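If you read the sequences in order, they're chains A and B.
Position 64 (the first sequence) corresponds to 64 in the working numbering; numbering is contiguous.
Position in the second sequence counted from 1, then plus 1000, gives you the working numbering.
All C-beta atoms, glycine included, are put in the ideal place defined by N, C-alpha and C.
Since the model is a prediction, treat every value here as computed from it, not as a measurement.
Working notes, beginning with the structure itself.
Number of protein chains: 2
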Amino acid sequence: MNDFLRLLRNKGFKLTPQRRAVIEALQACSPFPTAQEIHRHVKNRAPDVSLDTVYRNLTLLIRLGIVNQVNLPGRSGSVFEIVDGNHHHHLICLSCGHAECIDYCPVIPQKIAQAEERGFTVVSHSLEFYGYCRACRPAG
Amino acid sequence: MNDFLRLLRNKGFKLTPQRRAVIEALQACSPFPTAQEIHRHVKNRAPDVSLDTVYRNLTLLIRLGIVNQVNLPGRSGSVFEIVDGNHHHHLICLSCGHAECIDYCPVIPQKIAQAEERGFTVVSHSLEFYGYCRACRPAG
DNA sequence: ATAGTAAATAGTAATATTACTATTTAGGAG
DNA sequence: CTCCTAAATAGTAATATTACTATTTACTAT
C-alpha cells in the first residue's frame, strides 16, 4: 500500500485521511466491493466521509491505474478492484452478476506501443468475458 | 438488422415496435450513443416509449451479444454499440471520455473454449485500453 | 512554527440507471 | 378471426452516480 501512497505523492496529490481510508477499504472489502460498500467501510473510521469523496477518489485511483472498475452490464452499479500485484482479467455472468478472475492476458506490449505511437498514452486495460456461469446456464 | 430480429424470434422474444425502434436507434445514432440519446431518438417515432423500456431492451440485446456496452470510467453513463459485422475493441480517454475503435483483438478461441470447459458459457467479450488521448495527454 | 495556496472535502442538488406494478400486447392455439 | 397467456410496456419510485459550491486542509516556502 505504501507504493500507492508514494505514487500519489509523486504525482502531486495530497495524502488525505479520506484518501487513505478509501485505499484501505478497497483492500479490506476485497474482492469486488461496490462504491456503496466502500463508503460503508470508510464510515466506520470516519463517519463524516461523503459519498462524493469516495467516488472522486475511486475515479482518481482509476485514472492512475491503481484501481480497476469492473462493469456488470444490466446490473446496478460497478464493482472495484485494487491492482495488487498479479495482472488478470474476468469472467462475468450476465444473469447473476458474479465475477471471477482468470489469469489469462493475451495483450502484448507491442500493441500498446502501437497505440502510443498514435498519440494515445495507455495506463491500463481491461478484458472481460461475458456469459453465463454454471448455475445460470440452464436459464440463459 | 433482419438478422437481429430473426435471432430474437428464435430465442422466443417478441418483436415489439419498441424493440425494433431501439435497434434502429442504435444504428442511426452510431457511434457510441448513450441510453438517453437512444431514448430521444426512439421518441421521435413513438413519443410514449419509456426510459425503462430502452434500458430493458439494451440489457436484453447485451445478454444476447447483439450490443456492446462500453463503460467510460469516472464519467456519467455508458455508451452502446451495435455489433455490426467487424469485431473490434476500444481506446478510451480517461480525461475527456472519447472512445475510438481499434481493429486489434488478441483473444484466441482456444481460451474461450477453456472457459467453457470450466462451466462458463461465453457470449461476448470486451477489451478496453484506458489512457489519455493526444489532446488530453498534456493535462494527464 | 506560520502563513499562503491550490487541492480536497462535506453537503446537497442534479442526473443516470434500475426496480416495481398494474396494464397492454404479440404471437400461438383453436 | 377470436381467445388465451406469458412477455413486454408505461409510469413511477427507488437507487446509484456525478456535478456543484462554500469551506476546510495538506503541503510548500518562508
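Does the beta-carbon distance from residue i to residue j come in below 8 Å?
| i | j | result |
| --- | --- | --- |
| A99 of chain A | H90 of chain A | yes |
| Q1110 of chain B | N1057 of chain B | no |
| I82 of chain A | L26 of chain A | yes |
| L7 of chain A | L15 of chain A | no |
| N1071 of chain B | N71 of chain A | yes |
| L64 of chain A | K11 of chain A | yes |
| I105 of chain A | L127 of chain A | The amino acid at residue 105 of chain A is misidentified as Ile; the sequence shows Cys. In contact: C105 of chain A and L127 of chain A (Cβ atoms closer than 8 Å). |
| I1038 of chain B | F1080 of chain B | yes |
| A1035 of chain B | G1077 of chain B | yes |
| F4 of chain A | L60 of chain A | no |
Can you determine whether any heavy atom of the ligand MN sits closer than 7 Å to the C-beta of residue i, and answer yes or no?
| i | result |
| --- | --- |
| Q110 of chain A | Absence of the ligand MN from the depicted structure is noted, as is the absence of any ligand whatsoever, leaving it without description. |
Buried or exposed: which applies to residue i, given that a residue is buried once 16 or more other Cβ atoms fall within 10 Å of its Cβ?
| i | result |
| --- | --- |
| H1087 of chain B | exposed |
| A1021 of chain B | buried |
| C1133 of chain B | buried |
| N44 of chain A | exposed |
| P1073 of chain B | buried |
| F120 of chain A | buried |
| P1158 of chain B | Because residue 1158 of chain B is not part of the residues shown, which for chain B are 1001 to 1140, the question remains open. |
| R118 of chain A | exposed |
Whose CA, out of the options, lies closest to the CA of residue i?
| i | options | result |
| --- | --- | --- |
| E1116 of chain B | A:V54, A:L8, A:A113, A:F129 | A:F129 |
| V1122 of chain B | A:G131, A:C29, A:V42 | A:G131 |
| V107 of chain A | A:C101, A:C96, A:S124, A:L94 | A:S124 |
| I1062 of chain B | A:S95, A:A135, A:A113, A:F13 | A:S95 |
| D103 of chain A | B:I1112, B:C1029, B:T1059 | B:I1112 |
| D1084 of chain B | B:I1066, B:G1097, B:S1078 | B:I1066 |
| C1136 of chain B | B:H1041, B:G1097, B:T1053 | B:G1097 |
| Y55 of chain A | A:P47, A:Q69, A:A46 | A:Q69 |
Identify every residue that forms a DSSP beta bridge with residue i.
| i | result |
| --- | --- |
| T1016 of chain B | In the DSSP output, where bridge partners are listed per residue, T1016 of chain B has none listed. |
| H210 of chain A | No information on residue 210 of chain A is available, as it lies outside the stretch 1 to 140 that chain A covers here. |
Whose Cβ in chain B lies nearer than 8 Å to the Cβ of residue i?
| i | result |
| --- | --- |
| P106 of chain A | P1106, V1107, I1108, K1111 |
| G85 of chain A | None at all; the shortest Cβ gap to chain B is about 19 Å. |
Name the chain A residues whose beta carbon is nearer than 8 Å to that of residue i?
| i | result |
| --- | --- |
| N1071 of chain B | Q69, N71, S78 |
| V1122 of chain B | L91, F129, Y130, G131 |
| G1119 of chain B | C133, R134, R137 |
Applying a beta-carbon distance threshold of less than 7 Å, which residues of chain B neighbour residue i?
| i | result |
| --- | --- |
| S126 of chain A | E1128 |
List, in chain order, every chain A residue whose beta-carbon is nearer than 9 Å to that of residue i.
| i | result |
| --- | --- |
| I1062 of chain B | P73, G74, L94, Y130 |
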